[in-house]
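Working notes for the structure below.
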Amino acid sequence: MKNSKNLKAIFEKNKLVRIVGAHDGITAKLISRAGFEGVWASGLEISASYGVPDANILTMTQYLERAIEMNDSSSLPVIADCDTGYGNVNNVIHMIESYEKSGISSVCIEDKLFPKVNSFFGNKQPLASISEFCGKLEAAKATKKNKDFMVIARIEALIARQGMKEALKRAYEYSDAGADAILIHSKEKSPVEIIEFCKKFKSRKIPIVVVPTTYPKFHENLMPNLGIKMVIYANQVIRSSVTSIEKTLQKISKNKNLLSVDKEIVPVKKIFDLQSMNSLKENEEKYLDSDNKRILTIIPAAGKPPKGKTDKIDKFIESRYPVCLIKIKGESILKRNKRMLNSLGLKIIKVITGFKSESFKKNGEIQLIKNEDYNNCEQIDSIMAGLNNKFQDTLILFSDVLFDRSIISKLINSKHDISIGIDKLSLNNRKKYADYLEAEHDPVLEGRSLLNNEKNLIKKFSKKYFKNSNYEFIGAI
């Protein structure tokens, strides 16, 4: 309804409405991008795209489906070429109901007999009687519910060589029957008879529509003064596509490869753009539900690094940066871990800052929470600051560790209430800052073994090494 209103509004202004013929969704989208005001659901183009004659071979439903396709793929109003209305007055009533309900902005029906033949094919173009066609127009106007939905009457008298007098007679009768616009058609190579018709009819103040297929020199600048409110470039799109397709096929056939055409055709990326593939991906990211999307990741990074006595790295960290901001080959530990988390679908990330919190740059994809009292509390306090009031699956990662994707994947896919990342403990290399634990099943230190344990229950956890320690905590829960 909005498009119908927009089309009607343009008609009422002193502005030429430029419409281009299309036969599918992608051509409608290209017309929209080219700056035209509307799309003509062309009977010739649609029938040609099916490979059948433009002679009412296709059904109304087939034409309607294509018109809907164009309407859905473009924001422009669609004016549908509905031939003779697909039959008698009852067919016209059904057609109006169907097209209006589907969101089409306007329909155009012509005063030929059903089944009709394309206006440019042959010399025999039998016309319907004036009374019969006026009945169709009156039925169409009575049937439509949207006052802005336009019914355009197409006059074929000049095409049928019945002269200017007959064309004008029909135009007056059709306007009296309620037509919203008059489309006057001609197959002369000059616009002379069209200009004559316009000059004689424009006093009626009813919009005139022209289709300059056979008289291509007729310039848009001349049209408004003649009472012409709409010009339809009805079939140039499919004709140009046939030219291009034939040229491409001939080159491929001749050269036996794609090299000769590759630079002459648009890249696949352009097709993806016309298909709105980027929106598809964005919608999947935004709306496609997954368990991982709802997992909260908390990275406690508030504490001041421990003082080092001999380690140069400890001194560097203490004086310059929070550990997670140390860069490795130009990328910080935090950024690397964020990239890894995103690859698993984890997007809700909270980083708890404290020590040199000003070093953390704002990032829309990471929520920064400052622990003001980080010097007087424990790491668990930072973790608690990141938790939500509602229950939510939560991943906790220590900030000074680079995590392997496969390890985090195993953790978040675990079905147990609490799962902890652990690594086998080398008894000959006790680490200064390690967290020690004892688990039910010992790690395999030598040889080869297939581990079938679904879970390895943790018995004890400690900051200090103890006798039965067999694992260390890796900083992921």
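Quick note, the sequence shown lines up with residues 3 to 479 if you use the numbering used here.
Beta carbons: idealized from backbone N, C-alpha and C, even for Gly.
My assumption, with CB atoms under 8 Å, is that residue i sits in contact with residue j. Please give the rounded CB distance.
i: Ile370; j: Thr355; result: Before going further, note that residue 370 is Leu rather than Ile in the sequence given. At roughly 6 Å, the Cβ-Cβ gap stays under 8 Å, so Leu370 and Thr355 are in contact.
i: Ser416; j: Leu439; result: In fact, because the Cβ distance is near 17 Å, the residues do not count as touching under 8 Å.
i: Leu160; j: Ala169; result: 5 Å
i: Glu367; j: Lys349; result: 7 Å
i: Lys372; j: Ser359; result: 5 Å
i: Lys118; j: Thr145; result: Not really, about 21 Å apart at Cβ, beyond 8 Å.
i: Tyr88; j: Cys136; result: The Cβ separation is near 18 Å, so there is no contact.
Residues in its own chain within less than 6 Å of residue i by CB, not counting five upstream and five downstream?
i: Thr312; result: For Thr312, the pLDDT reaches just 47, beneath the cut-off of 50, and the residue's location in the model is therefore unreliable, although a value from the coordinates is still provided. Once the five neighbours on either side are set aside, Thr312 has no close Cβ partner at all.
i: Lys31; result: Ser75, Ser76 and Leu276
i: Phe13; result: Pro209 and Lys231
i: Lys15; result: none
i: Ala436; result: Glu474
i: Leu115; result: Pro128 and Ala130
i: Gln394; result: Leu298
Between residue i and the rest of its own chain, which residues show a CB-CB distance below 8 Å, the 5 nearest in sequence each way excluded?
i: Ile409; result: Gly423, Ile476 and Ala478
i: Tyr101; result: Leu66, Ala69, Ala82, Cys84 and Val109
i: Arg338; result: Ile330 and Leu404
i: Val233; result: Leu18, Val19, Arg20, Ile21, Val211, Val212, Val213, Pro214, Glu222 and Met225
i: Thr216; result: Phe122, Ser188, Lys189, Glu190 and Lys191
i: Gln164; result: Leu129
i: Gly27; result: Glu71, Met72, Asp74, Ser75 and Ser76
On a Cα-Cα basis, can you pick out the residue from the options that is closest to residue i?
i: Val239; options: Ile48, Leu459, His443 and Glu333; result: Ile48
i: Asn365; options: Tyr323, Ile351, Ala24 and Asn378; result: Ile351
i: His25; options: Asn16, Lys10, Ala36 and Trp42; result: Trp42
i: Lys4; options: Ala57, Arg20, Arg35 and Asn73; result: Asn73
i: Ile328; options: Ala303, Ile297 and Lys349; result: Ala303
i: Ile106; options: Arg407, Lys10, Ala162 and Arg20; result: Lys10
i: Ala480; options: Lys189, Lys149, Lys138 and Ala141; result: Residue 480 is absent from the model: the chain starts at 3 and stops at 479.
i: Asn120; options: Gly45, Gln394 and Pro269; result: Gly45
i: Ala36; options: Met97, Glu140 and Leu78; result: Leu78
i: Met97; options: Asp56, Lys143, Ser133 and Ala57; result: Lys143
i: Glu112; options: Val94, Pro55 and Ser345; result: Val94
What do you reckon, is the C-beta of residue i under 6 Å from a heavy atom of the ligand COA?
i: Arg338; result: As presented, the structure is devoid of all ligands, the ligand COA included, so that no description of it is given.
So, for residue i: in the same chain, excluding its five sequence neighbours on each side, which residues have a beta-carbon less than 7 Å away from its beta-carbon?
i: Leu459; result: Ala441 and Glu442
i: Gly305; result: Gly356, Phe357, Tyr376 and Gln381
i: Tyr52; result: Leu60
i: Met166; result: Glu195, Glu198 and Phe199
i: Val22; result: Ile33, Phe38, Val41, Trp42, Tyr235 and Val239
i: Ser205; result: none
i: His418; result: Lys457
i: Glu266; result: none
In chain order, each beta strand (DSSP E) run of at least 3 residues that lies wholly inside the region 93–172: 108–112 and 152–157
At least 3 beta-carbon pairs within less than 8 Å: the region 141–158 vs the region 173–180: yes
The region 219–226 contacting the region 247–262, beta-carbon criterion three pairs below 8 Å: no
Touching by the beta-carbon criterion (3+ pairs, under 8 Å), the region 323–339 and the region 394–406: yes
Whole runs of the beta strand (DSSP E) within the region 173–236, excluding any shorter than 3 residues: 183–186, 210–212 and 230–235
Runs of alpha helix (DSSP H) lying entirely within the region 321–356, each at least 4 residues, in chain order: 335–345
Contained beta strand (DSSP E) runs [length at least 3] in the region 350–400, N- to C-terminal order: 350–355, 368–372 and 396–398
3-residue-minimum beta strand (DSSP E) runs that sit fully inside the region 33–98, ordered along the chain: 40–43 and 80–83
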